[in-house]
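Using numbering that gives the first Met the number 0, the first residue of the sequence shown is number 0, and each one after it goes up by one.
All C-beta atoms in this analysis are idealised placements derived from N, C-alpha and C, irrespective of residue type, glycine included.
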Amino acid sequence: MTKKNILFLIADDQRFDTIHALGNSEIQTPHLDKLVARGVAFEEAFIPGGTSGAVCMPSRAMIQTGRYLTSWDNFGETLPQEHALLGEELKEYGYQTCGIGKWHNGLESYHRSFSDGGKIFFGGMWDHWNVPVNKYHADGDYGAFKNFTYNPFSTNTIVKIPAEEIAIGKHSTDLFADEIIDYIEKRRDKEVPFYLYGSFLAPHDPRTMPEKFQKMYDPEKLTLPENFASEHAFSFDIQGERDETLEAYPRTEAAIRQHLADYYAMISHIDERIGTIVEALENQGILDDTLIVFTGDNGLAIGQHGLMGKQNLYDHSIRVPLIMAGPGIPKNRRQAGKVFLLDLMPTILDYVGAPIVEGIAGQSLLPMIVDESHGREVLYLMFTNKVRGIVTEEYKYLEYRTIDGHMFQLFDREKDPYETHNLIFEVGFENIKKGLQKQMYALAKDLGDTEFHQGKEYWDNYIHMRGM
C-alpha cells in the first residue's frame, strides 16, 4: 500500500491549552501526550472567528473546504455543490472515506464526502447520554425522524428530530469511539487506503461524563486562569449568547473551578478513547501506515475575561490543539508558526499526493512540517458583525462594535499572552494602532469581508472613523 491511511479526529470545544505534554500540568492526557511525542504539535493553530454563535458550524465548514469564513451566507450550515470537500477529493483519489460522529454542515455535503459511515449525529450539541443518530445510507436519504421531549417535567411538547434511533445510556464519546474502532477492524476493503473522519461531541456542554473521569479532578485543587474575571470589562452584545448563560454573573472562583473540573474530565475521557483507537490501529498492523490528525473545532472561555463561551476573538476561544503524527512526520516537534484550521484540507491532499483544489484560502502545512518554515505572517479575524481583528508576530489588535459605540484593544503577544493589558491608550502605540488598522482593512478587502453581508455592515458603519 503506497497511499497512507488518514485518521482525522476532532473534539468539540477543546481549546489549545488542554494537553499535559503541551504545558498544562493539571490535566491528564497520557494518550494525547504520546501522540505529541510521535508527531508535530502546532502551538499557534487558530480559527479565524465565527459568523454565528454556533462557531463550530463555520469552523467545520472551513476544515472541509479550505475556504475562509466569508464563503457562506448561511454560516456553513450547508455547503454549496461547487465547493470541493476534503472527503470528496480523497474519494476521487481512490480512498475509502468514512464519516462517524458529529456532522454540522448538512446532509448533502456528508453524502458527497463519504462512501461509508458509522453512527452519525446531524446537529450541533445534545445530551451526551441520549444522542439522536443515523446509520450510513449510500443513497444519501436521511429522512427518518424520531419524536422527542426535551423536558417531560415542564412540558409535554413533542418535537421531531432527524434520527433513526436515540442512543440511550451510552456516552457520546464511547458511542463514537466504538464506531471508529469498529470501522478500523471491519472496513470493507483492507487493501484500499481509508480516510476516517471521527468527530466527538465532547467536551461541549452539557458537561457530563462517566464517574471514573469526574473523580479525576478536585475543583478546589485546580488553578484559576491567569485572566479570570468575574465579568467582561465592557459589553459587546454577546451576553445573551447561550454559552454566556451557563454561569451566573458575577462569575465566582468556586463556580469556575467546577466548570474546569468537568471540562478536564470530559477531555480525559476523550483521551482514553483515543488510546483505544490508536491501539486498534496497532492491532490491525496499520498504525505505521496511518496519518493521525487531532484538533478541536474552536476554543472556549471558562471564566477567562469573565466569559463562558467562544463568541469572541481572545486566544482562549480561537486557538485549538493541532497534532499530526504518522509516516514522514517528524517526531516530538513543536511548530510555533501561525496556521489556520482551514489549512488542513490542502495539507492532507498534499500529504497523500492528491491535487490541491484551486482558489481556496487554505495553504499546505507540509513545508512547515518538513523543514520548519514559518507559518502565516498575519491572521485576519472576525466575529459576526461585531468584532474584527488582526494577529501579527508581535501584536493582536481587536475592534468592537459595542452597545456604547466602539472599543479597541491592543495586546503585546509575547509580553501579555493572557491578553489582560490593553495598550491602546498608552503613549507610543498610536502609530502601531494606525498601521494595524490599515493592514486589517487591506486584509478585509482581500478576503471579501467588505462585501460579505456581516462585514459590509461592520465596515460601512466604521470606515469613516479611520479615514480610509
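Considering only residues of the same chain and omitting the five flanking positions on each side of residue i, which have a CB-CB separation below 6 Å?
i           : result
residue 106 : 141
residue 400 : 385
residue 74  : 50, 51, 56 and 57
residue 254 : 246
residue 19  : 26, 28 and 32
residue 443 : 449
residue 363 : 345, 346 and 349
How would you label residue i, buried or exposed, when you count the other beta carbons within 10 angstroms and need 16 or more for buried?
i           : result
residue 193 : buried
residue 0   : Note that residue 0 scores 45 on pLDDT, short of 50, meaning its location in the model is unreliable and no value can be drawn from it.
residue 256 : buried
residue 223 : exposed
residue 80  : exposed
residue 287 : exposed
residue 198 : buried
residue 179 : buried
residue 387 : buried
residue 153 : exposed
Which same chain residues end up closer than 7 Å to residue i when comparing Cβ atoms and leaving out the 5 residues on each side of it in sequence?
i           : result
residue 486 : Nothing in the structure corresponds to residue 486, since the chain is present only between 0 and 467.
residue 298 : 14, 15, 309, 315, 316, 317, 318 and 319
residue 412 : 393, 394 and 395
residue 65  : 341, 344, 345, 356, 359, 360 and 361
residue 219 : 256
residue 116 : 97, 98, 99 and 135
Using beta-carbon positions only, say whether residue i and residue j come within less than 7 Å of one another.
i           : j           : result
residue 366 : residue 3   : no
residue 97  : residue 195 : yes
residue 331 : residue 10  : no
residue 268 : residue 172 : yes
residue 321 : residue 294 : yes
residue 86  : residue 112 : yes
residue 47  : residue 68  : yes
residue 291 : residue 6   : yes
residue 163 : residue 118 : no
residue 60  : residue 104 : yes
Which of helix, strand or coil does DSSP assign to residue i?
i           : result
residue 363 : coil
residue 109 : helix
residue 292 : strand
residue 227 : strand
residue 396 : strand
residue 232 : coil
residue 185 : helix
residue 325 : coil
residue 406 : strand
residue 339 : strand
residue 277 : helix
residue 199 : coil
residue 501 : This structure cannot settle anything about residue 501, because the visible part of the chain is limited to 0 through 467.
residue 442 : helix
residue 243 : helix
residue 458 : helix
residue 47  : coil
residue 57  : helix
residue 179 : helix
By Cβ distance below 8 Å, which residues in the same chain neighbour residue i in space, the five residues on each side in sequence not counted?
i           : result
residue 23  : 16 and 17
residue 418 : 226, 304, 313, 314, 395, 408 and 410
residue 229 : 248, 249, 250, 251 and 305
residue 456 : 384
residue 245 : 204, 258, 307 and 308
residue 403 : 233 and 234
Any heavy atom of the ligand HEM within a distance shorter than 6 Å of the CB on residue i?
i           : result
residue 344 : Judged by which ligands are present, the structure shown has none, so any question about the ligand HEM falls away.
(Q) Between the region 373-383 and the region 426-433, can you find at least three pairs of beta-carbon atoms closer than 8 Å? (A) no
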